[in-house]
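Protein chains: 2
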Amino acid sequence: MGDDFDRLETLRDDPRDDIPLAHRMKRFVESLQIRITKKLEEVDGSTSFEVDRWEREEGGGGITAVIEGGEVFEKGGVNTSAVHGPLPDRMAEALGVDAKPFYATGLSLVVHPRSPLVPTVHANFRYFALGDNLMAPDDQWFGGGADLTPYYPRLEDTQHFHRVWKKVCDRHDSVADYAAFKRECDDYFYLDHRDEARGVGGIFYDYLRDDPEGTFFFTREAGRSFLDSYLPIVERRLKGDWGKRERKFQLRRRGRYVEFNLVYDRGTKFGLETDGRTESILMSLPPHVTWAYDRQPDPGTPEHRALWYFEPRDWLGLTPEDVPEGTE
Amino acid sequence: MGDDFDRLETLRDDPRDDIPLAHRMKRFVESLQIRITKKLEEVDGSTSFEVDRWEREEGGGGITAVIEGGEVFEKGGVNTSAVHGPLPDRMAEALGVDAKPFYATGLSLVVHPRSPLVPTVHANFRYFALGDNLMAPDDQWFGGGADLTPYYPRLEDTQHFHRVWKKVCDRHDSVADYAAFKRECDDYFYLDHRDEARGVGGIFYDYLRDDPEGTFFFTREAGRSFLDSYLPIVERRLKGDWGKRERKFQLRRRGRYVEFNLVYDRGTKFGLETDGRTESILMSLPPHVTWAYDRQPDPGTPEHRALWYFEPRDWLGLTPEDVPEGTE
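Heads up: the sequence lines are chains A and B, in that order. Per this note's numbering, residue 1 is the first one in the first sequence, and the count goes up by one each step. Per this note's numbering, residue 1001 is the first one in the second sequence, and the count goes up by one each step.
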């Protein structure tokens, strides 16, 4: 399935007048799901993804692919769905539109590595259309993004991740704006009650509706860039030694991830409120998590230095000298 | 501090015209905090509560008492607070009132035992007043309740817990109604996205405003009944043997507790949104938690039988014969 990817990488499809964008996007995310799960299995080497197909009573369904207990990936999910039917009331209300048919499709992934030295990553790419005719929807838009949540952050990794996404945006600058998408990501993945960013950001965008063909082209390249943005970091950090201390810090930081997803994340909240498939939605939660009362890392420790990274910064504008001593 | 409790248990104070109810409630919850933490320390025997006093910039503060890593109690918090000042905008909006001074005081506790055979418990008792003059507030009310979240539920424990709360309500039937408060508890502690009750319920009430003196009297007896409702269950179940299997189930069930507190609990959401003290609010989260994808206990196992308890039932109307075979 992934064979055609490289050839397609730089090719822009002609607009199709026989297949709705909705279906082209569905086909794209499903093949991307195969490409990504295959590659992650290869990197893990110890186990494979379990695939669950589910159907939605009102129309459509999804494919949930979950990896658990791997040597490299302690837990991860790469999910696609394509759901349609009459717009649920809660969604109509949130979008400020009258009841009408909708079509939504996308891919959403979260990977929680076992090693505390390897960052957690999240990405999603989605398309939404409203109206009776998918060939000519009343409204349609793309959303998505990718963000990195390291436990022991490194400037090198952070810059690599951002550089990949900046490059993708720059190549599609009629529809994508790295600086703006980075800012949206910083704003979105922020825990107000902790006064802390979830991680080191990435890009986030929504309601891109001006040029659907161009945005689909951007979305495809973004989706296909995910592995490039993440795997080099995994490979670099996987060799590092860690023990109880690093594990403890990782488990506590994962608590922040849970807090973000359950308190703030719109997709999660919306999914739970609109009777989405709970197990697919909550697949994003880390496998093991701890909450301890009011722990602050001691100044001078690597854990304390990590906190410097958990506020929005202009990563690509920094040099190693800008990083507080001892952080790298 | 606890010395006077037994004498006071059945005595109703004369209404005071020199001390506002707000301050009497504050004094009560602070002495209840000492009584409860002392007793829990005694039962645990291995460690003690750490006490943190904190202040709120806009007025008031609180006392957070946390136990961690105990042999019996893996994590627990018994917190009091008394906060006042101008009503924050978000609160005024939620209450549908204009900006005016408020006073809120209460005790909130959560105990997560180490043994999966011992239930988690939660209780809180709180008072709220609005207006410039605490001796004659524009509005004032009490709220509170107690609920039990077992991992391996038993009818005997469930009935004991409910019996204690029914007795307290029955003794104060001009202000308290066990049947109604039990129903409110069942409605409140329910995870819609799981279609599951958080545990076996208890009582829950809010906005009791008709007879402040009578409700304060009820609140005191309720607060003083907490240990009676819970400790006999702890003592009974603590002796039971458990191992990896039970621990695994407990850690997964604790995930539901986190989901409830972060997705639904009004106190938690409100606290986080209104800049409450994060560490005191999230003290309720269990110490260690796991999330695994789509696990269902096999029929016939104790874990599967446990699920029978996680829907609202008329516990006090049941006999052991009503419980599905093998559950007891």
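In this text, a Cβ means the ideal position worked out from N, Cα and C, and glycines have one as well.
The criterion of a C-beta distance shorter than 7 Å is not satisfied by residue 1065 of chain B and residue 1226 of chain B.
Residue pairing of residue 1060 of chain B in beta bridges, as defined by DSSP: B:1083. Between residue 1072 of chain B and residue 1097 of chain B, the CB-CB gap reaches or exceeds 7 Å. For the 7 Å CB-CB criterion, residue 1289 of chain B and residue 1263 of chain B do not form a contact. Residues of chain A with a Cβ closer than 7 Å to the Cβ of residue 1245 of chain B do not exist, since the nearest Cβ in that chain sits about 17 Å away. Distance from the CA of residue 1295 of chain B to the CA of residue 1248 of chain B, rounded to the nearest whole angstrom, comes to 11 Å. The straight-line gap separating the alpha-carbon atoms of residue 1192 of chain B and residue 1128 of chain B is approximately 29 Å. The Cβ atoms of residue 25 of chain A and residue 80 of chain A lie no closer than 7 Å to each other. Going by DSSP, residue 102 of chain A is part of the beta strand (DSSP E) stretching over 101 to 113. For residue 1261 of chain B, the secondary structure class from DSSP, reduced to helix, strand or coil, is helix.
Residue 1213 of chain B and residue 1140 of chain B have their C-alpha atoms roughly 11 Å apart.
For residue 130 of chain A, the enclosing beta strand (DSSP E) begins and ends at 120 to 130.
The three-state reading of DSSP puts residue 1254 of chain B in helix, counting H, G and I together. Taking CB atoms only, residue 1298 of chain B has no neighbour in chain A less than 7 Å away. Short of 6 Å from the beta carbon of residue 1178 of chain B, and not among the five residues preceding or following it, lie these beta carbons of its own chain, in chain order: 1166 and 1169. Residue range 1050 to 1055 is occupied by the beta strand (DSSP E) that includes residue 1053 of chain B. Sorting A:285, A:183, A:146 and A:256 by C-alpha distance to the C-alpha of residue 230 of chain A places A:146 at the top. Here residue 22 of chain A carries a helix assignment [DSSP, helix/strand/coil]. Going by beta carbons, residue 1291 of chain B and residue 1255 of chain B fall inside the 7 Å limit. Of all C-beta pairs linking the region 198 to 212 of chain A to the region 171 to 187 of chain A, three or more are shorter than 8 Å, placing the two stretches in contact. One finds 291, 293 and 294 in chain A with Cβ atoms closer than 9 Å to the Cβ of residue 1283 of chain B, taken in chain order.
For residue 1272 of chain B, the nearest CB of chain A lies under 7 Å from its own CB, placing it at the interface with that chain. Just measuring C-alpha positions, the residue of A:156, A:138 and A:41 sitting nearest residue 320 of chain A is A:156.
Annotated as proximal: residue 32 of chain A and residue 107 of chain A, with beta-carbon spacing under 7 Å.
Taking residue 1077 of chain B as reference, the option from B:1315, B:1301, B:1287 and B:1313 with the minimal CA-CA separation is B:1287. Among the residues of chain A, those whose CB is under 8 Å from the CB of residue 1287 of chain B are 290, 291 and 292, following chain order. Using beta-carbon distances, residue 1311 of chain B does not count as an interface residue toward chain A, since no partner is under 7 Å.
With respect to residue 1283 of chain B, residue 151 of chain A sits apart: the two C-beta atoms are not nearer than 7 Å.
Cα atoms of residue 51 of chain A and residue 67 of chain A: separation of roughly 9 Å, rounded to the nearest angstrom. Looking at the DSSP output, residue 1148 of chain B bridges to B:1121 and B:1201.
Cβ-Cβ distances below 8 Å link residue 1211 of chain B to 1174 and 1175 in the same chain, with the five nearest sequence neighbours on each side left out; the list follows chain order.
Listed along chain B are 1292 and 1293, each with a C-beta nearer than 8 Å to that of residue 68 of chain A. For the C-beta of residue 1262 of chain B, the chain A residues within less than 9 Å are, from N- to C-terminus, 258, 259, 261, 262 and 263. Taking 7 Å as the CB threshold, residue 1278 of chain B lines the interface with chain A.
Under the three-state reduction of DSSP output, residue 1073 of chain B falls in the strand class.
Residue contact check for residue 23 of chain A against chain B: no CB pair falls below 7 Å.
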